[in-house]
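Protein chains in written order, with our numbering: chain A, 23 to 414; chain V, 23 to 414; chain W, 95 to 257; chain P, 95 to 257.
Think of the CB as a built atom: it goes at the ideal place given N, C-alpha and C, for glycine as much as any other residue.
The structure displayed is predicted, hence computed values, not measured ones.
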Amino acid sequence: MSPGAVRGAAGRIAAALLLLCAAQGVPAELPAESLDRVETLPVPYPPHWFWAHDMAFGHYTDGRMFLLDADGAHVGAQFKGMVNAAFGPAFVESGQRRELYVAETFYERTGRGKRTDVVTVYDKSTLAPLGEIVLPGAKRVNTLPSRYAVALIDGGKQLLVYNFTPATSVTVIDVGQRKVINEVPLPGCAMVYPAGKNGFSSLCGNGSLISFRIDERGQVTGRHVIEPFFDIDADALFEKPALIGGIAYFPTFAGNVQEINLGTEQARLGKKWSLIAGSDPAEHWRPGGIHLTGADAAGRLYVLMHPEGKEGSHKEPGREIWVFDARGRSLLQRVTLREPGLSIELTRDPDPLLLVVNVSMNVDVYRARDGGFLRTLSDFGQDEPLLLHAVR
Amino acid sequence: MSPGAVRGAAGRIAAALLLLCAAQGVPAELPAESLDRVETLPVPYPPHWFWAHDMAFGHYTDGRMFLLDADGAHVGAQFKGMVNAAFGPAFVESGQRRELYVAETFYERTGRGKRTDVVTVYDKSTLAPLGEIVLPGAKRVNTLPSRYAVALIDGGKQLLVYNFTPATSVTVIDVGQRKVINEVPLPGCAMVYPAGKNGFSSLCGNGSLISFRIDERGQVTGRHVIEPFFDIDADALFEKPALIGGIAYFPTFAGNVQEINLGTEQARLGKKWSLIAGSDPAEHWRPGGIHLTGADAAGRLYVLMHPEGKEGSHKEPGREIWVFDARGRSLLQRVTLREPGLSIELTRDPDPLLLVVNVSMNVDVYRARDGGFLRTLSDFGQDEPLLLHAVR
Amino acid sequence: MARTLAQRTSRRSFIAAIGSALVGGAMLPLLPVARAAAAETARPKEDPGDPTQCGYWRNCAVDGYLCACCGGTTTSCPPGTEMSPTTWIGTCRNPADGRDYIISYNDCCGKTSCGACFCNRNEGDRPLYAPQRANDLNWCVGAKSLAYHCTVTVILGTAAGRT
Amino acid sequence: MARTLAQRTSRRSFIAAIGSALVGGAMLPLLPVARAAAAETARPKEDPGDPTQCGYWRNCAVDGYLCACCGGTTTSCPPGTEMSPTTWIGTCRNPADGRDYIISYNDCCGKTSCGACFCNRNEGDRPLYAPQRANDLNWCVGAKSLAYHCTVTVILGTAAGRT
């Protein structure tokens, strides 16, 4: 017999046995399974998914971005995917293109040899790299995870990368061409905050703010300075604002918030008001944490707060999240956290979730509307997921 | 005044103030300190130092070798240094040269891009890389930490690296020239055990052992096979022997030990005897763990043992270490561990320490002579330090 | 309180799985989160158990992160990874039908460790000289990148000679 | 027992140091091992405290692994690393003489994380727009390799204007 005939005969015998088994109540054999299946993801991502940026401080050459579903009942349902993100990376998800950007650093021999900085471009659906943009000059900033070390402007067409060597500058990338098109020097300033129709602002060491207008070729077409307006010693601005309707809300070490309108043609200094005016001064509530601000679609401002604030307490975990009506500058609610929090984020849907990285490095999920606790995401492979990004 | 004169004057004023302060009982100011100090290590290392090979399973691209002092009272006194060891690496310390060898793997982009395998050569005193030997063919084995994935032979002049692609072979390196000089194909065999005057043996999938004699140019000048002598299903040999006086003691899954004399011109099959003959059969004591064997200068054989052994239990943590007189094939002592152990090692001095990696991934230190517990080394930055190497 | 914090905070890893050995059987769920996960969506009764648990029947010789916890399933790799064609093989008994199945443990490769649901069980596992049965090897050796992410458990068929 | 094991096993890291903030002052020793280390060899009384502890006076603005736990000392880098010439600066009060000292926090670079004795204190720390006072930056930026291993605490002098 030919091998085909053998298989055919075997198949008939197996089929006969199967019928026999079924007749006798013996369950059918499980079939052989395919060996080539790889998952893909729906794009846009469902609104309760989020990215957890794990810096993996003890192994920072192997940091990760975990894509998680805050609605999942257990880790199998929560864990959607992962991309590597090496060596103090910065991450941003495009709202327009089906792409993710990871600005990262590699050495030929992990921590030795030749250094190469790149922006790796990932496909949102396959989480596979589509390409990379090499960043010249070995100057990309290396710091704790920050929302403002990279930024997308011009409707997602340009990507900005903040550099620190310690000389500071901003690299401008054309996303469509995957090409570096300019580098803007920053005179003693830091970070990139999207500003204006197409540009960015940076906070400066002398307490001022500088803004640049950028054209579609990445060239600077306008430059504007808000003269020094805060005192780094007396009441420093956190460099971690929440953005609501074009206005950046910068909390300050002493418990104020400085509004800066970045949505207009030229950045405009707004009102400075107290976050703690209504609280007991003896309790010394202050803003603090790793990433301590958030905002939702309804225009509410969320700030992580701790009591007994003092010089040096500005990275303490928050025991509460205070929720403000940003426009009305009024306190709406104080949410007491189950476990103190280090960083917060809000999903972008109308009835958003409040996501809190707690001091055990797990993620607690609350309903934003009433502060009700929903669940904790833990054991998803994380070390220190210090920064969360709601999906776009 | 010239700047020098200013400094001179300032110095005189400071000296005067110092005298004044001293006279008044005010302590002197602490002096400014130097900014350029880097430590070096004594070579040979003190006998109670050891290497902990941390595979860092969650971040295996960033594994480490920690150099620790088992006599240290706290982490500051225990932690002597560290070398990186990436991606399922293998490590061996030269007993002759002031060098360490780490066989490791790198990718251009952590886990993507071009792969390069190298042996990195470190200076024992400075722990700085002296150079590297590129391993051709992307074939170095990638596995749990093992003592027998690399081996030094010929008095430390040749380094062997075991390859698995899954085709198997051994790369031969001239250590002095830092150069690959040969590759020996292995027909269905695995690991490198130093053997003979200058050669190696490997265990084979059919239950045999093959041995090669190597000349100073890395060429094979002799080949010898011990025909199949064990049954992989019925009573598999652990591939993790202890070596005492040229004899390899291979424990078996069923609780025996197979002696093979690797010290002679041709490897010779030795006696197979029971480790558990004197124990209660109902307790089913079996050897097991990650690296489960050790030996000391007095010729004692140490084996990690667990009760309730069965198929699949051969990697269970050991609750006891059984100490045998290797020559007399008799049980000398059973050491009950404070916490179950995964891997063991003995220091090389006459009154050795017994080092045990416990299930909390800390290292427990016992006196080998009486099993007395001394201390636990913890919190030295480790994830999973699964293999220990006493210094040479 | 700081001390309590430090002690309370456990890292999922290896260690939990190693712990399984101490209770003398890997069939027990290991971690608090794993226990909580028992409420997973119902499985077909002919393939019983929770694939995110180490004790799930197909996992009898697995050594690594379970892809069902990493954005994949028991038989599919997570997004952006590649299923290695080289594998080791286990023989696991399905409690639903009492049959022994040949399980192919394919590693998913090209990203570093998933980190979730580490599981190590060693039924039929053998040392490195028997590689086709050795779970200590990185089986991404057959993929484009050696980077190991997680492991799937694919049924190849029944172990006819053994049922 | 497996569950106990998993919960008992704490990973030293970040988390322990974060915990320090919760007790409202980083002057308290954080970890069991750190407490045990109090028996360290006697320090000169004019430079008091245990340099392997986060609460040691020079550590008032440190953010990273203490080199005194990594094979170095308060002022020397571990073997095989390079001391970065660029630093951030803190002003810490020595409890022995009541003087404020300018401390240079130099990172030791060229190997990846030491992993032992993580410490984060933020007295005088400021955001990234004031880099010379910002401990969130990787200060290996001035060394041959950006790979961060640990941090030393070197006295540059007294803060004369402040004493």
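Looking at C-alpha atoms only, which residue of the options is the closest neighbour of residue i?
i	options	result
residue 200 of chain V	V/208, V/181 and V/212	V/181
residue 293 of chain A	A/252, A/330 and A/332	A/252
residue 257 of chain A	A/336, A/205, A/211 and A/238	A/336
residue 408 of chain A	A/153, A/386, A/273 and A/392	A/386
residue 250 of chain P	V/247, V/271 and V/56	V/56
residue 84 of chain V	V/95, V/108, V/91 and V/189	V/108
residue 308 of chain V	V/279, V/287, V/381 and V/245	V/279
residue 151 of chain V	A/143, A/158, A/161 and A/135	A/135
residue 352 of chain V	V/202, V/339 and V/300	V/300
residue 403 of chain V	V/76, V/67 and V/240	V/76
Along the chain, where does the alpha helix (DSSP H) that runs through residue i open and close?
i	result
residue 412 of chain A	Element bounds for residue 412 of chain A: not the alpha helix (DSSP H) but the beta strand (DSSP E), 407-412.
residue 100 of chain V	97-100
Grab me the residues of residue i's own chain with a C-beta within less than 7 Å of its C-beta, minus the 5 sequence neighbours each way, in chain order.
i	result
residue 401 of chain A	97
residue 244 of chain P	158, 159, 160, 161, 164, 166, 172, 202 and 208
residue 362 of chain A	339, 340, 341, 380 and 381
In chain A, which residues lie less than 7 Å from residue i when you measure between Cβ atoms?
i	result
residue 153 of chain W	Neighbours of residue 153 of chain W on chain A: none; closest Cβ ~13 Å, over 7 Å.
Which residues in chain W have a C-beta closer than 7 Å to the C-beta of residue i? List them in chain order.
i	result
residue 260 of chain V	221
Starting from the C-beta of residue i, find all residues in its chain whose C-beta is less than 6 Å away, skip the five residues before and the five after it, and write them out in chain order.
i	result
residue 243 of chain V	235 and 237
residue 112 of chain V	125, 171 and 172
residue 411 of chain V	73
residue 396 of chain V	387
residue 13 of chain A	Chain A is shown from 23 up to 414; residue 13 of chain A falls before or after that span and cannot be answered.
residue 161 of chain A	185 and 187
residue 269 of chain V	281 and 283
Is residue i helix, strand or coil when you go by DSSP?
i	result
residue 321 of chain A	coil
residue 381 of chain A	coil
residue 223 of chain W	coil
residue 222 of chain V	strand
residue 64 of chain A	coil
residue 106 of chain A	strand
residue 398 of chain A	strand
residue 80 of chain V	helix
Tell me where the beta strand (DSSP E) around residue i begins and ends.
i	result
residue 255 of chain V	Segment 254-257 is the alpha helix (DSSP H) holding residue 255 of chain V; no beta strand (DSSP E) there.
residue 190 of chain W	It is not in any beta strand (DSSP E) - residue 190 of chain W carries neither H nor E in the DSSP assignment.
residue 113 of chain A	112-115
residue 213 of chain A	211-217
residue 244 of chain V	242-248
residue 74 of chain A	71-76
residue 242 of chain W	242-252
residue 137 of chain V	134-145
residue 163 of chain A	First-last for residue 163 of chain A: undefined, no H or E at that position.
residue 185 of chain A	180-186
residue 173 of chain A	172-175
residue 213 of chain P	212-214
residue 126 of chain V	121-131
Under 7 Å Cβ-Cβ, which residues of chain V neighbour residue i?
i	result
residue 75 of chain A	Those do not exist, as residue 75 of chain A stays about 15 Å from chain V at its closest Cβ, beyond 7 Å.
residue 84 of chain A	81, 83, 84 and 132
residue 211 of chain P	97
Who are the neighbours of residue i on chain W, taking C-beta pairs under 9 Å?
i	result
residue 384 of chain V	Result: empty, since nearest Cβ-Cβ is about 10 Å, beyond 9 Å.
Determine the chain V residues that contact residue i at a beta-carbon separation under 8 Å, and present them in chain order.
i	result
residue 206 of chain W	81, 82, 83, 132 and 133
Quick one: is the Cβ of residue i within less than 7 Å of any heavy atom of the ligand MG?
i	result
residue 237 of chain A	Ligands are entirely absent from the displayed structure, and the ligand MG is therefore not among its contents.
Please tell me whether residue i has its Cβ less than 8 Å away from any Cβ of chain D.
i	result
residue 353 of chain A	The structure shown has no chain D; the protein chains it does contain are A, V, W and P.
Using a Cβ-Cβ cutoff of less than 8 Å, which residues in the same chain neighbour residue i once the five nearest sequence positions on both sides are dropped?
i	result
residue 70 of chain V	91, 92, 93, 369, 371 and 375
residue 354 of chain A	322, 345, 346 and 347
residue 169 of chain A	262, 313, 409 and 411
residue 222 of chain P	228, 230 and 231
Output, in chain order, the set of chain P residues within a Cβ distance shorter than 8 Å of residue i.
i	result
residue 215 of chain A	Those within 8 Å of residue 215 of chain A in chain P number zero; the least Cβ separation is about 11 Å.
Starting from the beta carbon of residue i, find every residue of chain A whose beta carbon is closer than 9 Å, and list them in chain order.
i	result
residue 198 of chain P	By Cβ distance, chain A contributes nothing, its closest Cβ being about 15 Å from residue 198 of chain P, past 9 Å.
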